[in-house]
Amino acid sequence: MDKYTGIITDAKFSKLALETSNFPKDLNRWERLLNFLIAASGPIDKTLEKQCYELICSTYDSMLSAFPFLENYHVDYALFEYKLGHVERTRRIFQRALSRFNNRSLLIWVFYLQICNKLDTDNKQLFAKYEVAEQYIGMHYLSCEFWEMYLHQLKSRCRSENRYMIVLRKTLELPIHDFSRFYTRWLQRIDSVRDLSELTLFAPREELAQKLKIEVDYPGRRGPYLRECKKQLKKFTKELYMVVQYQVIEMYTLFESKISTQYYTSPQTLIPSDIIENWLKYLDFTEKLHVDPLTHLNYQRALLPLAHYDAVWIRYARWLIEEKCDLVTAKNVLVQGLQLCNRKTGILNHLYALLVKMNELSLLDGVLKQTEALFDNSVEVLKDFEVFWDYIQYELFLQRSVTQKNSRYGGADDSSNEFIPGKLLGRIKAWLDLGDSRTGQTEILSMLIGLQTKGNTQVIEQVFNYLLKESAAREFYHNSSFFWRYYCLLVFHDLSKSYLERRTSLIESVWSQVPKANKEVVATLHDFCESYIPEEIDTLRGMFGL
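Here you go:
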């Protein structure tokens, strides 16, 4: 029996696969399944059976689809392919992984570049990758390993020392952990200078002349002058060291030392509030530095442990919109956050508003459908009124935009479904049907009144009559003063009737159904009558014995 058949007929595999299928958001179950497959299929080399290989790959793909921020498993997947000699697949997996993190994953870049160091013989291509990595993760507080690799490759592959010294100089200005090692090398190189011409390795001629008053073509005695020049360089280096040291100590003391979790955590993991607060303060600090690459990088770092909390996603999107006017990236951040966050209310609210601002109505429609799918096409069963309410409002906005009927009193055909599609009206009724077990009934009835037109008043009135006569919560509405006030407003603003007809409808259709013993409701009717139809005040008092 081959290994693949042995695996799929193994009772342990069946159990692990079933558990993973039943609990797709449980990371531990995915890890147990993957570890079992790798162990049972081993050894992982070119003798691996094709069917076992495909089973492991599909498991990696499914796992990383469910948990896209699992840096270490992206790396494991790529190294798995590398062991099998699949060089191009290894590259593609690393590149796809980097795109998941907006190219700002230090861990993935380091492992990717380690593989490229072995595979790439073309120095130009290799250093192009290092330059891209530098743009995205060069300012990472823990990027020392990356810079060490970069410098090592430059030293071993380049004949000229110029490029090595240019990169080494960059490291001197970065507030990163273990930064002092680069100063040590810089000072050692200064000590080894034997001629004034070598000083151009540390800075261009013009900069040496302007900032340090050093003349590379000094016409006098060059030996004593060189010693003075080296002292000047060392003095400048030590001053820079003090500045960077202060920045590093400040970042470490205030924030970095308090970061206990650097990597992705599963949805079930609760992050202590002090860790969340530390990240938010760190982001405050970073934004005030006004160094955009560092701000982007620290937001991406914060999103790893806090991927399932909406605070960082929303804050990142706001920064992109308010400070950088980058609506496209903000949209992408919110869409990604929507997929990962446990609590989606805030992200949905910001995403809806942003898509309207960008006039991306087709994407708005897609997000609204995704919202429906999140709740099994039963948005009305939500307990969170904010999510439900935003969904309703933006569905209505989308409907109005599509039909180009933006005015309450537009001259277009006044069909009864003008602003309230049947499916949406059904969801509104279903929410209202829940009575006092949900919040937001006042807002919903107010919205219905706000959408009233000459042609849809009867449809809205059907909702009110349903709540009074058929709803499971009819007792709640019978005794709710806000309900009767909105019902009176609905009838009073029915422009398909004359003023006299509306007065008659109020008395015969509305007031006649009001519970006379409910003093609060009667008082509400009295206030309405005084404000809108004072000529009927005596009628009202007669009906309710006031």
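Quick note: the sequence shown uses UniProt numbering, first residue 1, plus one each step.
Even for Gly, the Cβ is constructed at its ideal location relative to N, Cα and C.
The model shown is predicted, which means the values in this text are computed figures rather than measured ones.
For residue j and residue i, the rounded distance between their alpha carbons
i	j	result
S14	I8	7 angstroms
Y82	I115	9 angstroms
K405	L500	In this prediction, K405 has a pLDDT of 44, which is less than 50 and means its spatial position is unreliable; nothing more can be read from the coordinates.
Q51	L34	15 angstroms
residue 547	A302	Any answer about residue 547 is impossible in this case: the structure gives the chain only from 1 up to 546.
Y112	T265	22 angstroms
D284	W319	11 angstroms
F146	Y164	14 angstroms
N359	A353	10 angstroms
E322	N349	16 angstroms
T524	S481	6 angstroms
S512	L451	26 angstroms
K12	C57	19 angstroms
N100	I190	The sequence given here places Arg at residue 100; Asn does not occur at that position. For R100 and I190, the distance between alpha carbons rounds to 42 angstroms.
P68	E215	55 angstroms
C229	L187	13 angstroms
V463	E372	23 angstroms
G6	G42	13 angstroms
D10	L55	14 angstroms
I108	F80	14 angstroms
E530	A307	55 angstroms
Y218	Y136	41 angstroms
N342	Y309	7 angstroms
A473	V356	35 angstroms
I259	H177	14 angstroms
T20	E71	20 angstroms
Y60	P204	50 angstroms
F483	T442	8 angstroms
R194	Q210	22 angstroms
R92	G337	24 angstroms
C325	L254	30 angstroms
A179	Q393	A quick correction: the sequence has Phe, not Ala, at residue 179. Rounded to the nearest angstrom, the two C-alpha atoms are 53 angstroms apart.
I249	K383	47 angstroms
H86	L327	39 angstroms
N332	S496	46 angstroms
G455	L546	36 angstroms
Rounded Cβ spacing between residue i and residue j (contact assumed at less than 8 angstroms)
i	j	result
H74	L84	So it is not a contact: roughly 17 angstroms between Cβ atoms.
L240	L172	6 angstroms
R503	E461	So it is not a contact: roughly 16 angstroms between Cβ atoms.
A330	A311	The Cβ separation is near 15 angstroms, so there is no contact.
I271	P305	6 angstroms
V335	L361	Going by Cβ atoms, the distance from V335 to L361 rounds to 15 angstroms, so no, they are not a contact pair.
Q399	R104	Incorrect: roughly 39 angstroms between the Cβ atoms, too far for contact.
E395	L368	6 angstroms
F476	D538	The Cβ separation is near 31 angstroms, so there is no contact.
F544	V510	Between V510 and F544 the Cβ distance is about 13 angstroms, and since that is not below 8 angstroms, they are no contact.
A39	K3	So it is not a contact: roughly 11 angstroms between Cβ atoms.
P421	H478	Not quite, the Cβ-Cβ distance comes to about 28 angstroms (not below 8 angstroms), so this is no contact.
L174	Q153	Going by Cβ atoms, the distance from L174 to Q153 rounds to 18 angstroms, so no, they are not a contact pair.
Residue closest to residue i, alpha-carbon to alpha-carbon, out of the options
i	options	result
L434	Y466, T457, Q462 and K454	Y466
F182	S192, L364, K170 and P224	K170
L506	A517, Y532 and K519	Y532
T121	R157, T457, L445 and T269	R157
L201	F179, L233 and Y218	L233
E508	H478, Y263, D527 and L540	L540
T345	D326, W313 and V328	W313
T184	L168, E198 and D195	L168
V110	E148, V333, I347 and L174	E148
L98	V132, H86 and F127	V132
Q370	A203, Q339 and Q210	Q339
F385	A517, R438 and S401	R438
G223	K211, L196, N332 and F236	L196
E470	H493, Y487, R485 and A430	A430
L489	S446, A17, N456 and H478	S446
E31	S62, Y53 and T47	S62
Q262	N117, G440, Y141 and T90	Y141
D494	N518, Q458 and L27	Q458
T237	S257, L212 and G220	L212
L27	G366, E277, Q268 and W389	Q268
Write down every uninterrupted run of the alpha helix (DSSP H) in the stretch 272 to 317 whose length is 4 residues or greater and which is fully enclosed by it, in chain order.
Whole alpha helix (DSSP H) segments, 4+ residues: 273 to 289 and 292 to 303.
Curious, which full-length alpha helix (DSSP H) runs of at least 4 residues does the stretch 453 to 525 contain?
Counting only unbroken stretches of 4 or more residues, the alpha helix (DSSP H) elements lying wholly within the stretch 453 to 525 are 457 to 469, 474 to 478, 481 to 492 and 499 to 505, in sequence order.
Taking the runs of the alpha helix (DSSP H) that are 4 residues or longer, which of them lie wholly in the stretch 323 to 407?
Within the stretch 323 to 407, the complete alpha helix (DSSP H) runs of at least 4 residues are 327 to 340, 345 to 357, 361 to 374 and 385 to 403.
Could you pull out every unbroken beta strand (DSSP E) segment of at least 3 residues lying fully inside the stretch 58 to 121, listed in chain order?
If we require 3 residues or more, the stretch 58 to 121 turns out to have no beta strand (DSSP E) run fully inside it.
Just list the beta strand (DSSP E) runs in the stretch 230 to 275, keeping only unbroken ones of 3 residues or longer that don't cross its boundaries, in chain order.
Considered as a whole, the stretch 230 to 275 harbours no complete run of any beta strand (DSSP E) with no fewer than 3 residues.
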